Structures are given as C-alpha cells and as structure tokens.
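Participant: Handing you this structure, nothing more for now.
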Amino acid sequence: MMLQNWSENVQFSAAKVYTPRTVEELQELVRASSTVRVLGSRHSFNDIAAIDSQIDTGQGGEAPAQDRPDAATNAYVSVEGLDVPVTFDRQRNTVTCGANVTYGELCQRMHAEGVALRNTASLPHISVGGACATGTHGSGDNNGNLATEVVGMELVSADGELRPLTVDSGDKGFLGGVVGLGGLGVVTSITLGTVPAYAMEQTVYEDLPVAELYDHFDEIMSSEYSVSLFTDWLGGTVNQVWLKRQLGAWPDGESNADSGGDGSKGPHAGNTFFGARPAPTHRHPVTRFDPDPCTPQMGIPGPWHERLPHFRVDSTPASGDELQTEYFVPREHAVPALQAMEGLRDRLASVLWISEVRSIAADRLWLSQSYETPTVALHFSWRKDWPSVRALLPVVEEALAPFQVRPHWGKLFSLAPAQLAATFTRMGDFRRLLRSWDPEGKFRNAYLDRHIYGQAV
Ligand SMILES: Cc1cc2nc3c(=O)[nH]c(=O)nc-3n(C[C@H](O)[C@H](O)[C@H](O)COP(=O)(O)OP(=O)(O)OC[C@H]3O[C@@H](n4cnc5c(N)ncnc54)[C@H](O)[C@@H]3O)c2cc1C
Numbered sequence: 039m040m041l042q043n044w045s046e047n048v049q050f051s052a053a054k055v056y057t058p059r060t061v062e063e064l065q066e067l068v069r070a071s072s073t074v075r076v077l078g079s080r081h082s083f084n085d086i087a088a089i090d091s092q093i094d095t096g097q098g099g100e101a102p103a104q105d106r107p108d109a110a111t112n113a114y115v116s117v118e119g120l121d122v123p124v125t126f127d128r129q130r131n132t133v134t135c136g137a138n139v140t141y142g143e144l145c146q147r148m149h150a151e152g153v154a155l156r157n158t159a160s161l162p163h164i165s166v167g168g169a170c171a172t173g174t175h176g177s178g179d180n181n182g183n184l185a186t187e188v189v190g191m192e193l194v195s196a197d198g199e200l201r202p203l204t205v206d207s208g209d210k211g212f213l214g215g216v217v218g219l220g221g222l223g224v225v226t227s228i229t230l231g232t233v234p235a236y237a238m239e240q241t242v243y244e245d246l247p248v249a250e251l252y253d254h255f256d257e258i259m260s261s262e263y264s265v266s267l268f269t270d271w272l273g274g275t276v277n278q279v280w281l282k283r284q285l286g287a288w289p290d291g292e293s294n295a296d297s298g299g300d301g302s303k304g305p306h307a308g309n310t311f312f313g314a315r316p317a318p319t320h321r322h323p324v325t326r327f328d329p330d331p332c333t334p335q336m337g338i339p340g341p342w343h344e345r346l347p348h349f350r351v352d353s354t355p356a357s358g359d360e361l362q363t364e365y366f367v368p369r370e371h372a373v374p375a376l377q378a379m380e381g382l383r384d385r386l387a388s389v390l391w392i393s394e395v396r397s398i399a400a401d402r403l404w405l406s407q408s409y410e411t412p413t414v415a416l417h418f419s420w421r422k423d424w425p426s427v428r429a430l431l432p433v434v435e436e437a438l439a440p441f442q443v444r445p446h447w448g449k450l451f452s453l454a455p456a457q458l459a460a461t462f463t464r465m466g467d468f469r470r471l472l473r474s475w476d477p478e479g480k481f482r483n484a485y486l487d488r489h490i491y492g493q494a495v
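My numbering puts the sequence shown at residues 39 to 495.
Dropping the structure here:
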C-alpha cells in the first residue's frame, strides 16, 4: 500500500495501516510489532511520520535514504478507529478528545458547548495528536504553541501498557513528552485547557513599508490578539498584515463589536496601519489566489474558530502545490533575522509563494521551538520544486544561524544534529526520555535517527 502526505512529497510504503478499534487491540498490536509509526492527518512536509526516509526528490520518483522494506512486524498505526468521545470537564476547564480528531472537528464541538481554545494553527484539518507532537502553532504574543494547551495525554508505550502523562503528575516526562515527535508511544487521547467561547474579527492591511516594520516591530506584532505578516520580501513592503481581534464573550461579544460587518468600521478600517492600507476585499495570503478558502475578513465578526485559522474548515486549503519550511528565532533577534531574509530576496523569489511571520509565547516544553524564549516564526511556502528548495534551505539556515535558529519539526529543514542540539538545549534529556519509554527503539524511525539520535545509537 502506498500512502502519501498532504503535499505528496513523502511516500509511506506500508504493508498495512492498522486502525485498531479498541485500546486493547492497539496494545496487542504494539506488543507484537517490532517497529511502529503513528500516522496523524499526514500534513507534515518531511518524513517525521514515515518509518523510513522517503522524501520525493522531484526528479522522477522517490529516493529512500534507507531501503528498509516494511517487515511483517512493522506497523503504521492510525488511531482514527478508536472511539474516544469528546468530553468536557467544567470544573477543570478542559476538553478530552481522541488524538486523531482534527482541530476543525474539535473546535466545532467545543463552540457548541460554549468553550474555546486560545489559539489554532492556520489550517483546521490537522490532527490534535500530530500538531502537538511537532510544536504546531498559530500567532499571538500571549499565545503559546498548541501543545502548551495540553494538560494530559494517554499513551500506549512500547511494552503495550496504557500510561497517563499529566501536567500535575509531577512527572518530568510530561514537559519532555508533549512535543514528542511520535517517539514515546501511541497517543490515544489528549486533554486540553479551555476558555469561554469568544467572538473575533479579522482585518487585512496591505503594503506595510518594511521601514515601519523594522522601526515598530513589537508594536505591530502586539497590536492585536493574533498578528500574521505575509511577505515575498520584495518591493520594500510586507504584502499583507492579518490582524485577528478578540471582541468579547460569544455570542454577546459579536453584538458589542464596533464593526458594521462590512469592513467599514473595523478596528483600524478606514485608517492606515503603520502606513499599510485596508484591503478592499477578502484576501488569500498570496494576493493573486482566490480568497474563497480563507476565513472571513473585512472586520466581519464571527466565532473564534472561524477567524483564528486562516483557512475554512469546509474548504480545500492553500494550493497543495507547495512545500513548507519554518524557522524560529528568539523574539529579540526578530528584526535582524527579517533583514537577513530580505537580503536573500533575489534568491528566494523564483521558488517562494509567500512567507509568513508570526509570534509565539515562551513555554517549558523541552522540544518546543519556543522553549524558555518567546519566538518569531519565519515561514516559507515554497513552490513544489524540491531540488530548488533543497538548495535554498542551507542558504536560509546559514543566514539565520547567528540567531539561534530552531526549525519546525513537521516541515523541511537541513540543519545538522549538532546544530539542533545546540539550540534545543534539552535534546539530551529528550533522548534519555525516549530511551526510558522505548528502550528497544520500537517508535524510532529514520527521522528520529537522523535528527534526534544523530550518530548516537
Ligand atoms: C496547508 C498546511 C498548513 C499548515 N499550517 C501550519 C501552521 O499554521 N502552523 C504550524 O505550526 N504548522 C502548520 N502546518 C504543519 C502541521 O501543523 C504539522 O506538520 C503537524 O504535525 C501536522 O499534523 P498531522 O496530524 O498531519 O501529523 P502527521 O504529519 O501525520 O504526524 C506528525 C508527527 O506526529 C506523530 N503523531 C501523529 N499522531 C500521533 C499519535 N496519536 N500518537 C503519537 N504520535 C502521533 C507522527 O508519528 C509524526 O511523528 C501546516 C501544514 C499544512 C499542510
């Protein structure tokens, strides 16, 4: 069986994908398998979810870095068959769901119950388990990445036991295991913190002069609840600024909003925003693309889960014709890092659809890109041209090297293990944690061998 990821640049050759119906079945499967890899919604752009390294070279077929055919006891596992109900704890303000549930589905269930998440990624179609495992994030100076909302998980570990990992267990493994890259075990359920549902609106501004950005970076990024900058680094301006504003409790917050719903009275509408002008209509991040898949803008109030993601749950997101890379630098280095990228604009131009700049609050999760430091994320949506992207990654990484750069675990990067170990300062602790949970390496794959274990087996 040949499966692919969302971008179709990674192939998963699998004798079979198991979808156990019960936790007991899953436990049996894990006990009986020598190698197990869990598939989420397969939206990652690298081979993190594959047993072997199988990134398509774009030059006529895939080229596995290791040719290790799936043995009968190797298993790809999907937890989508597990019937884990979505449940709410009103005292603790939490929601528990299956790890396979997508944010799109979960957010709708939560909103119907009058509760919300603090943040989402740009895309609602990714699974909660997969997103948390890679440190997936949205934007907002006071918003941590999505994994920071996790207060508990249940996992089937390598010995087939079902083990809880909770924030208040005092188990250090929690801080190491939430952004776990699929290496600790099979997460069956996840418990997340909730807040009361709220209303939001978003407004897009165009052509922010980069001189304004560099002079007022902190003011701009903290001007609203969530701020995203979209830029192709050309022309001396940031193409678009997406401002997502919290209005108040849902549904009352909607009627209290000072927006007329037609974009004419939004928070900054009619005014310029640091020299940028309000977009005359709804926008896709790549201005010439159809904005239809995007969530409503123009200051139109709506529920949180229909404004926080950039893309609608009922749409086909983005173009699909893309590869993605993302690098995080400590907030204090944001402006020089942006200037370094602007300096590469001529080299990026022919391969880049668009870049996005977001901010993420600091956290304590060992493998989080924002571990103990607030960060700014520099994202690249590339054209689907792997040879060109592969040639550019070291160029971008070298330009960002002075800024303690950390990569997105679910996107394409070429940083060496030593560079990763230098910036992810808890890497040694994480490796020890993996070994204690999985002494025989049942959940190891080519990706973990390459990036986490390095040469050390
Ligand atoms: C169009 C698009 C937009 C995106 N936007 C954003 C964005 O706004 N912000 C951002 O940070 N990222 C973004 N991403 C990247 C994406 O969020 C990450 O790659 C994320 O990991 C995808 O989740 P998934 O469910 O597809 O995981 P997969 O790619 O399927 O798996 C990722 C990892 O999680 C592990 N895993 C999955 N489920 C489990 C489980 N139950 N138990 C144990 N391990 C598990 C897998 O083994 C693998 O190691 C985007 C991707 C796409 C395609």
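All residues carry an ideal CB built from backbone N, CA and C; glycine is no exception.
These figures come from a predicted structure and were not determined experimentally.
(1) Within 10 Å of its beta-carbon, does L272 have 16 or more other beta-carbons around it, so buried, or fewer, so exposed?
(2) With DSSP collapsed to three states, give me the class of P339.
(3) Starting from V414, trace the beta strand (DSSP E) in both directions and tell me its first and last residue.
(4) Taking 8 Å as the limit between beta carbons, can you name the residues of its chain near Q104, skipping five residues before and five after?
(5) Closer than 8 Å is the cut-off here; do at least three beta carbon pairs connect the stretch 181–188 with the stretch 357–374?
(6) Is the distance from the Cβ of F418 to the Cβ of T354 below 7 Å?
(7) Who pairs with F451 in a beta bridge, going by DSSP?
(8) For a quick check, are the C-beta atoms of S266 and E394 less than 7 Å apart?
(9) At what residues does the beta strand (DSSP E) containing T310 begin and finish?
(10) E360 lies in the beta strand (DSSP E); which residues open and close that run?
(11) Is any non-hydrogen atom of ligand 1 found closer than 6 Å to the C-beta of L161, if you look at the structure I gave you?
(12) Is R556 near ligand 1, judged by its Cβ being under 6 Å from some heavy atom?
(13) In terms of residues, what are the limits of the alpha helix (DSSP H) holding G215?
(14) With DSSP collapsed to three states, give me the class of F126.
(15) Would DSSP call I86 helix, strand or coil?
(16) If we ignore side chains and look at the alpha-carbon of each, how far apart do A237 and R482 end up?
(17) By DSSP, does I164 sit in helix, in strand, or in coil?
(18) State the DSSP-derived secondary structure class of P102, mapped to helix, strand or coil.
(19) Compute every distance between the C-beta of I490 and the non-hydrogen atoms of ligand 1, then say whether any falls below 6 Å.
(20) With a CB to CB cut of under 6 Å and the five nearest residues on each side skipped, what residues in its chain are close to G492?
(21) Among H149, L230 and G78, which has the Cα closest to the Cα of W288?
(22) By the 10 Å Cβ neighbour count, where 16 or more other Cβ atoms means buried, how is D85 classified, buried or exposed?
(23) Does the beta-carbon distance from T275 to L246 come in below 7 Å?
(24) In whole angstroms, give me the CA-to-CA distance for D127 and V133.
(25) Consider the C-beta atom of G168 and the heavy atoms of ligand 1; say whether any pair is separated by less than 6 Å.
(26) State buried or exposed for K210, treating a residue as buried only when at least 16 other CB atoms are found within 10 Å of its CB.
(27) Let me confirm a value: N180 is counted as buried when at least 16 other C-beta atoms fall within 10 Å, else exposed. Which label applies?
(28) What would DSSP say about W44, mapped onto helix, strand or coil?
(29) Nearest CA to the CA of Y263: which residue from E250, E239 and L251?
(30) Quick one: what's got a C-beta closer than 6 Å to F468's C-beta in the same chain, skipping five residues either side?
(31) Measuring from the CB of L219, is there a heavy atom of ligand 1 at a distance below 6 Å?
(32) Would you mind stating whether T140 and G448 have Cβ atoms separated by less than 7 Å?
(33) Using 10 angstroms around the beta-carbon of S388, count the other beta-carbons present and answer buried if the total reaches 16, otherwise exposed.
(34) Between E118 and the rest of its own chain, which residues show a CB-CB distance below 7 Å, the 5 nearest in sequence each way excluded?
(35) Measuring straight from C-alpha to C-alpha, what distance separates F441 and V55?
(36) How should M39 be labelled, buried or exposed, when 16 other C-beta atoms within 10 angstroms of its C-beta is the threshold for buried?
Facilitator: Taking the geometry as given:
(1) exposed
(2) coil
(3) T413 to R421
(4) Note that Q104 scores 41 on pLDDT, short of 50, meaning its location in the model is unreliable; the coordinates nonetheless yield the value given after this. Result list for Q104: D90, S91 and A484, in chain order.
(5) no
(6) no
(7) Answer by DSSP bridge pairing: none, since F451 is not bridged.
(8) yes
(9) From DSSP, T310 is part of no beta strand (DSSP E); its letter is neither H nor E.
(10) E360 to P368
(11) yes
(12) Because the chain is modelled from 39 through 495, residue 556 falls outside the range shown and cannot be assessed.
(13) G211 to G215
(14) strand
(15) helix
(16) 42 Å
(17) coil
(18) Because the pLDDT of P102 is 42, which lies under 50, any placement of that residue in the model is unreliable, and the number read from its coordinates should be weighed accordingly. Coil.
(19) no
(20) P455
(21) H149
(22) buried
(23) yes
(24) 6 Å
(25) yes
(26) exposed
(27) exposed
(28) coil
(29) E239
(30) G214, W404 and L405
(31) yes
(32) no
(33) exposed
(34) T57 and N138
(35) 41 Å
(36) exposed
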